[in-house]
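Just below is one structure, and these are the notes that go with it.
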Amino acid sequence: MKIHEYQAKEIFAAYGIPVPRERVAATPAEARSAAEELGLPVVLKAQVLVGGRGKAGGVKKAGTLAEVETVTTGILNMTIKGLKVQKVLVSEAVAVSAEYYLGITIDRAARAPVLLASAAGGVEIEEVAKNTPEKIIRTPIDPLLGLLSFQARNAGITMLKDTKLAQQFTTIAQKLYRLFIDRDCSLVEINPLVLTGNGSLLALDAKINFDDNALFRHPENESLRDLTSEEPAEMEAKQAGLSYIKLSGNVGCVVNGAGLAMATMDLIKRYGGEPANFLDVGGSSSPDKMALAMRIILSDPNVKAILVNIFGGITRCDDIAQGLLLARQQADIRVPVIARLVGTNADKACALLENSPILFANTMAEAVRLAVTKAKEAR
Ligand code: GDP
Ligand code: MN
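The numbering used here runs 89 ahead of the 1-based position in the sequence shown.
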């Protein structure tokens, strides 16, 4: 779960991480009165749950109240990477003498959180990681010991080349780590962490992602959720107990079991295709659930073929087949559907689907190859 910059900054402030003085606004008039309160000039920042707002023109300075209103109007009319801007953060303009990067995330290979620091701040960290990985200082954190002062100080000195600043950095990094653990985050990021004209470090931007699997123990996060930015299909799936994640490819997948779903996506890539989604219909699949899964996948206009890959154990293949028939009754399915159904009641499933236009494959490889080919033909 992602939250907006203004929400993340409020949490930063509660943890004592220095942030600029700022107010959030939903209208040009609100932005104007915020600017009156904060004093000019101000920086106006689009609040959307995607990165690279700056590049997209969503971060602008305004020197007069009239300008605050016109710039806010402009930003509120923007759509950035498909997301409509609904709020603007009005932030005191800060004199910046250097921009750094500071983040904490989970390093799965190290099975530990990792502190990331870089003097190449203010630009997309993914680009830095790809092109000049040596510019990122990585410090693995022992989850039992936490981020120790000497570790943070080492990173700070390497990055800032100044012991006084490194001390400030250490305090910020340790607070950030406490927040990361307390709130069960998967990512906290300050990009840029800036050195201001008066020689102090300040979080000019803020990003927090919460670990979805830990949300159940954070009821305080519910009120931070921005429903307008979530995929409606993902929410519908969640309510029905399906694990669905939309992706950008064109081969829709209906699979039972997360492991098989991952393997199916891998195989699609292997055969030169791109999965349109991850979908685990779960263990006991009723025909209704199956039909809903089909409906959710078909709501994605990118889908050009649907691959149904079921290994029947507790899941009964005839339930899946009934679900496919139900889905055909409910909607006019125009994309090819390729099924590979093995295991419990596979023979019954075959009989049920015998006269339907569903294409059968005997092996997973054959099914995937067919689905990828059909999706390519459709373009
Ligand atoms: P992002 O593009 O979505 O990451 O938005 P940021 O909040 O990181 O802002 C992008 C860039 O705008 C920063 O890296 C800064 O260079 C610049 N910026 C934002 N606020 C200020 C400010 O108050 N003063 C100055 N000088 N630059 C700012
Ligand atoms: Mn940023």
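Glycine included, C-beta positions come from ideal geometry on N, C-alpha and C.
CA-to-CA distance, residue j to residue i, given in whole angstroms
i: MET90; j: ASP301; result: 6 Å
i: ASN391; j: GLY338; result: 7 Å
i: SER186; j: ILE92; result: 28 Å
i: THR285; j: GLU311; result: 34 Å
i: GLU94; j: ALA435; result: 51 Å
i: MET167; j: LEU336; result: 24 Å
i: ARG142; j: THR159; result: 18 Å
i: LEU261; j: GLU278; result: According to the sequence shown, residue 261 is Ile rather than Leu. The alpha-carbon atoms of ILE261 and GLU278 are separated by roughly 12 Å.
i: LEU233; j: ASP273; result: 15 Å
i: ALA182; j: LYS149; result: 10 Å
i: GLU466; j: VAL212; result: 39 Å
i: ILE214; j: ALA124; result: 31 Å
i: GLY210; j: ALA218; result: 12 Å
i: PRO321; j: ALA255; result: 45 Å
i: GLY372; j: GLY146; result: 46 Å
i: ALA329; j: GLU188; result: 45 Å
i: ARG227; j: ALA416; result: 50 Å
i: GLY348; j: ASN444; result: 31 Å
i: PRO308; j: TYR190; result: 30 Å
i: VAL174; j: ALA102; result: 24 Å
i: LEU265; j: LYS437; result: 57 Å
i: ALA115; j: SER122; result: 12 Å
i: LEU368; j: PHE305; result: 21 Å
i: PHE449; j: ALA456; result: 7 Å
Rounded Cβ spacing between residue i and residue j (contact assumed at less than 8 Å)
i: PRO107; j: LEU268; result: Not really, about 14 Å apart at Cβ, beyond 8 Å.
i: GLN263; j: ALA241; result: 6 Å
i: ASN366; j: ILE334; result: 6 Å
i: SER299; j: SER275; result: The sequence as given places Phe at residue 299; Ser does not occur at that position. Correct: roughly 7 Å between the Cβ atoms.
i: LYS469; j: VAL370; result: In the structure as shown, the chain starts at 90 and stops at 468, and residue 469 therefore has no counterpart that could be examined.
i: LEU205; j: THR221; result: Not quite, the Cβ-Cβ distance comes to about 13 Å (not below 8 Å), so this is no contact.
Close-in-space but distant-in-sequence residues of the same chain around residue i (CB under 6 Å, 5 per side omitted)
i: ALA394; result: VAL340, VAL424, PRO425, ALA460, LYS463 and ALA464
i: ASP315; result: none
i: PRO109; result: SER180, GLU181 and VAL183
i: VAL88; result: The shown model of the chain, from 90 to 468, leaves out residue 88, and the question about it has no answer.
i: LEU442; result: ALA410
i: VAL381; result: According to the sequence provided, residue 381 is Leu. The question's Val does not apply to it. Cβ within range, chain order: ALA329.
i: PRO364; result: LEU336, GLY338, VAL340, CYS342, MET354 and ILE357
i: ASP389; result: ALA365
i: VAL203; result: ASP196, ARG227 and PRO229
Given residue i as reference, the closest of the options once Cα atoms are compared
i: ILE225; options: GLY245, CYS406, ILE334 and ASP273; result: GLY245
i: ALA440; options: ILE409, ARG417, MET453 and GLN419; result: ILE409
i: THR161; options: GLY128, PRO202, GLU119 and LEU138; result: GLU119
i: LEU133; options: ASP294, GLY330 and ALA303; result: ASP294
i: ALA208; options: VAL397, GLU223 and PRO229; result: GLU223
i: PRO376; options: VAL343, ALA135, PRO130 and LYS173; result: VAL343
i: GLU469; options: LYS437, TYR189 and PRO117; result: Outside the shown range of the chain (90 to 468) lies residue 469, about which nothing can therefore be said.
i: GLY192; options: PHE239, THR259, ILE386 and GLY288; result: THR259
i: ARG384; options: PHE239, VAL457, TYR360 and ALA326; result: ALA326
i: GLU99; options: VAL431, PHE305, TYR360 and ILE297; result: ILE297
i: SER374; options: LEU331, ASN444 and LEU205; result: LEU331
i: ALA420; options: MET453, ASN451, ILE386 and ALA450; result: ILE386
i: GLY140; options: LEU165, GLY171 and TYR266; result: GLY171
i: GLU126; options: LEU430, THR153, THR252 and LEU396; result: THR153
i: LYS144; options: MET248, PRO130 and ILE169; result: ILE169
i: ALA201; options: PHE449, ILE270, ARG121 and PRO130; result: ILE270
i: GLY346; options: ARG121, ASN451, ASN287 and VAL397; result: VAL397
i: LEU430; options: MET453, LEU165 and MET351; result: MET453
7 Å Cβ shell around residue i - same chain, five flanking residues per side excluded
i: ILE447; result: LEU413, VAL426 and ALA428
i: LEU313; result: ILE92 and GLN96
i: LEU237; result: none
i: LEU138; result: LYS91, HIS93, LEU172, ASP315 and SER318
i: ARG458; result: TYR360
i: VAL131; result: ALA124, ALA151, VAL157, VAL179, SER180, GLU181 and ALA182
i: ALA303; result: ASP273
i: THR252; result: ILE246
Near ligand 4: residue i beta-carbon under 8 Å from a heavy atom
i: LYS176; result: As presented, the structure is devoid of ligand 4, carrying ligand 1 and ligand 2 as its sole ligands.
Beta-carbon proximity list for residue i, same chain, < 8 Å, skipping 5 on both sides
i: THR433; result: GLY401, GLY402, ILE403, THR404, ARG405 and CYS406
i: GLU323; result: TYR333, ILE334 and LYS335
9 Å Cβ cutoff, residue i in contact with chain D
i: PRO281; result: Given the protein chain composition of this structure (a single chain), no chain D is represented.
Exercise. Where in the segment 368 to 397 do unbroken runs of the alpha helix (DSSP H), each at least 4 residues long, occur, reported from the N-terminal end onward?
Worked result: 376 to 387
Problem set entry | 3-residue-minimum beta strand (DSSP E) runs that sit fully inside the segment 415 to 446, ordered along the chain | 426 to 432
Problem set entry | 4 or more residues per run - each alpha helix (DSSP H) lying fully within the segment 145 to 232 | 154 to 165 and 214 to 220
Exercise. In the segment 234 to 301, which residue ranges form an unbroken beta strand (DSSP E) of at least 3 residues, counting only runs that do not cross its ends?
Worked result: 274 to 285, 290 to 292 and 296 to 299
Exercise. Which full runs of the alpha helix (DSSP H) of 4+ residues lie inside the segment 99 to 137, going along the chain?
Worked result: 117 to 127
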